[in-house]
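Asks: With full-length UniProt numbering applied, the sequence shown covers 1 to 316.
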Amino acid sequence: MVNDRKVAVIGCGFVGSSSAFALMQSGLFSEMVLIDVDRNRAEGEALDIAHGVSFGSPMKIYAGDYSDVSDAAVIVVTAGAAQKPGETRLDLVNKNVAIFGSIIPQIRESGFNGILLIVSNPVDVLTYAAIKMSGLPECQVIGSGTVLDTARLKYMLGEHLSVDPRDVHAYIVGEHGDSEVAAWSSATVAGVPLNDYCELHGHFDHKAAEARIADDVKNSAYEIIEKKRATYYGIAMSVRRICTAIMRDEDTVLPVSSLMVGEYGLNDLCISVPTVIGRNGVVTRVPVALSDDENAEFQKSAAALKAIIDDAGLND
Ligand SMILES: NC(=O)c1ccc[n+]([C@@H]2O[C@H](COP(=O)([O-])OP(=O)(O)OC[C@H]3O[C@@H](n4cnc5c(N)ncnc54)[C@H](O)[C@@H]3O)[C@@H](O)[C@H]2O)c1
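(1) What's the C-alpha gap between L148 and E223?
(2) Smallest Cα separation from M1: which of G64, M32, A72 and A20?
(3) Excluding five sequence neighbours on each side, which residues of the same chain lie with their C-beta closer than 6 Å to the C-beta of I213?
(4) With a Cβ-Cβ cutoff of 8 Å, do D251 and G281 count as a contact?
(5) Go through the UniProt domain "Lactate/malate dehydrogenase N-terminal" (6–143) residue by residue and report every complete run of the alpha helix (DSSP H) that reaches 4 residues or more, in order.
(6) Report yes if the C-beta of L23 is less than 7 Å from at least one heavy atom of ligand 1; otherwise report no.
(7) Helix, strand or coil: how does DSSP classify V286 here?
(8) Using the three-state DSSP reduction, which class does T231 fall into: helix, strand or coil?
(9) Shortest alpha-carbon distance to D215 belongs to which of E180, K227, G16 and V189?
(10) Is the region 84–101 touching the region 20–30 in the sense that three or more CB pairs, one from each, lie closer than 8 Å?
(11) Determine the direct distance from the alpha carbon of V119 to that of I242, and round the result to whole angstroms.
(12) Look at the alpha carbon of L200 and the alpha carbon of S57, and state the distance between them as a whole number of angstroms.
(13) Which whole-angstrom value describes the C-beta separation of Y130 and I104, a residue pair presumed to lie in contact below a C-beta threshold of 8 Å?
(14) Does the contact criterion of 3 or more C-beta pairs under 8 Å hold for the region 48–62 versus the region 89–96?
(15) Starting from T146, trace the beta strand (DSSP E) in both directions and tell me its first and last residue.
(16) Output the boundary residues of the beta strand (DSSP E) element that contains L200.
(17) Sorry if obvious, but does the Cβ on V83 come closer than 7 Å to a heavy atom of ligand 1?
(18) By the 10 Å Cβ neighbour count, where 16 or more other Cβ atoms means buried, how is P274 classified, buried or exposed?
(19) First and last residue of the alpha helix (DSSP H) that includes S301?
(20) What is the DSSP secondary structure of L266, reduced to helix, strand or coil?
(21) Along the chain, where does the beta strand (DSSP E) containing G191 start, and where does it finish?
(22) Ligand 1 heavy atoms versus the CB of I271: any closer than 7 Å?
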C-alpha cells in the first residue's frame, strides 16, 4: 500500500538536505525518512529540519533505512558524488552509476511502487539506469532534468525584460548539462512571441542577448560551484515543485527527464522535454516546436546521451 503522506530522501548532502528542508516547508507530506551511507549525517539533518516543524505543519522526520521506503509515495534520490570545480556532469557517470547499483536494487527489494525522482548527476543517464535497475513502470521514474535550467532561464529572462518570471514561457530541453538547448522559437511572454515582446520593450539585439542568456544558464552551475562549492537551493525548489505536481495530481507541464518512446524520433534514452506530470508520474510528453537549428542541437544532445548509455553498458 502506498502512503500518500510519506516521502523519502536518499542522500543527505547539500542537495538532499536542502530538498528535505523545502519539502518540510511544502506541507505536502506528514512523514519524511532520510537515508545516507553516513548515518550521522542523516540523523543530524533529520533533527535540524524537524526543529523547524513547529513553524510549519506537523510532520514526522527521521533517519532510516530501506525498510522504511516500501510505502513511500515519492523517493527523491540525490545520493552520489557531486561535480568538483571544472568537472562536467558527465564526468560523474561511472562513480554515480556504481552508487546507483547499491541504492536502486534495495529500493526494488523493498517493494516500493511510488514515484522515483532522480536528481543525482548526470541526471539523464542515471534516470535511465534507475528505470533499468528498479523494474518500475517507466512512467514512475522521473529525472529532475532541465526543470532547474528552465527556472534559471525564466529568472534571467524575467530580469532582462523586467517581467515576472512566471509569465515567461520558455524551456531548456535536452541534456541537463553542456549540450542543453534553449527552445527560443517557442518562447513567449504571456502568449506574445518573445521577439515581439522584446521589440515592444525596446530590445532589438535578440540574437546576441539570447546567446548570452543561454550561455549564462548553461554555466550557472559552474559559476556557483566555483564560488560556493555546490548548488542546492534552486534544485531544492525544483524538487518541491515536481513533488507538488505529483502529489496534487496537477497535470503540470515541467521539463523533466523521462524515457523517450518515439518523440522527436528518439527511443531508449532519457532526456528532457516539456512533460505532463501527475500522481502516476509521466502522463505524456508535449512536443514543443523547435526550429531546424534547435532540433539539430537537440538531436546532438540526445546522441551524446545515447553514446554514454551505450559506453556504460546500461542498455544491456
Ligand atoms: N539535477 C540537478 O539539477 C542537480 C543540481 C545540483 C546537484 N545535483 C547532483 O546532486 C548530487 C548530490 O550533490 P550534493 O551537492 O548534495 O553532494 P554531496 O556530496 O553534498 O552529497 C551527496 C551525499 O550522498 C551520500 N551518499 C553517497 N553514496 C551513497 C549511497 N550509496 N547511499 C546513500 N547515500 C550516499 C553522501 O554520503 C552525501 O551525503 C550530485 O550528483 C550533484 O551533481 C543535481
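We treat Cβ as the ideally placed atom computed from N, Cα and C, and that holds for glycine. These numbers come from a predicted model, not from an experiment.
Replies: The short version:
(1) In the sequence shown, counting from the first residue as 1, residue 148 sits at position 148. In the sequence shown, counting from the first residue as 1, residue 223 sits at position 223. Roughly 15 Å between the two C-alpha positions.
(2) Here residue 1 corresponds to residue number 1 of the sequence shown, with the count starting at 1. Checked all of G64, M32, A72 and A20; the closest Cα to M1 is A72.
(3) Your numbering for residue 213 matches position 213 in the sequence shown. Contacts found: M156.
(4) Taking the first residue of the sequence shown as position 1, residue 251 is located at position 251. Taking the first residue of the sequence shown as position 1, residue 281 is located at position 281. Against a cut-off of 8 Å, the Cβ pair of G281 and D251 comes out as no contact.
(5) 14–26, 39–50, 93–110 and 123–134
(6) Taking the sequence shown and counting its residues from 1, the one referred to as residue 23 is at position 23. No - ligand 1 has no heavy atom lying nearer than 7 Å to the Cβ of L23.
(7) In the sequence shown, residue 286 corresponds to position 286, counting from 1. Reduced to three states, the DSSP call for V286 is coil.
(8) The residue labelled residue 231 in the question sits at position 231 within the sequence shown. In the structure shown, T231 sits in coil (DSSP, three-state: anything other than H, G, I, E or B).
(9) As a first step, residue 215 is located in the sequence shown; it is residue number 215 there, counting from the start. Nearest of E180, K227, G16 and V189 to D215, Cα basis: E180.
(10) no
(11) Taking the first residue of the sequence shown as 1, we reach residue 242 at position 242. Taking the first residue of the sequence shown as 1, we reach residue 119 at position 119. Approximately 11 Å between the Cα atoms of the pair.
(12) To locate residue 200, count along the sequence shown from 1; it is residue 200. To locate residue 57, count along the sequence shown from 1; it is residue 57. The alpha-carbon atoms of L200 and S57 are separated by roughly 45 Å.
(13) Numbered from 1 along the sequence shown, position 130 holds the residue referred to as residue 130. Numbered from 1 along the sequence shown, position 104 holds the residue referred to as residue 104. Before going further, note that residue 130 is Ala rather than Tyr in the sequence given. Indeed, because the Cβ distance is near 5 Å, the residues count as touching under 8 Å.
(14) no
(15) In the sequence shown, counting from the first residue as 1, residue 146 sits at position 146. First-last for T146: undefined, no H or E at that position.
(16) Numbered from 1 along the sequence shown, position 200 holds the residue referred to as residue 200. Premise fails: L200 lies in the alpha helix (DSSP H), L194 to L200, not in any beta strand (DSSP E).
(17) By one-based count along the sequence shown, residue 83 stands at place 83. Here the sequence assigns Gln to residue 83, which means Val is not the residue at that position. Yes, the beta carbon of Q83 sits closer than 7 Å to at least one heavy atom of ligand 1.
(18) The sequence position of residue 274 within the sequence shown is 274, counting from 1. Answer is buried; the Cβ neighbour count reaches 16.
(19) If you number the sequence shown from 1, residue 301 lands on position 301. D292 to D311 is the extent of the alpha helix (DSSP H) around S301.
(20) What you label residue 266 is simply residue 266 of the sequence shown in a count that begins at 1. It is coil, neither helix nor strand.
(21) Residue numbering aside, residue 191 sits at position 191 when the sequence shown is read from its first letter. G191 -> no beta strand (DSSP E), and no H or E assigned at all.
(22) What you label residue 271 is simply residue 271 of the sequence shown in a count that begins at 1. For ligand 1, not one heavy atom lies less than 7 Å from the Cβ of I271.
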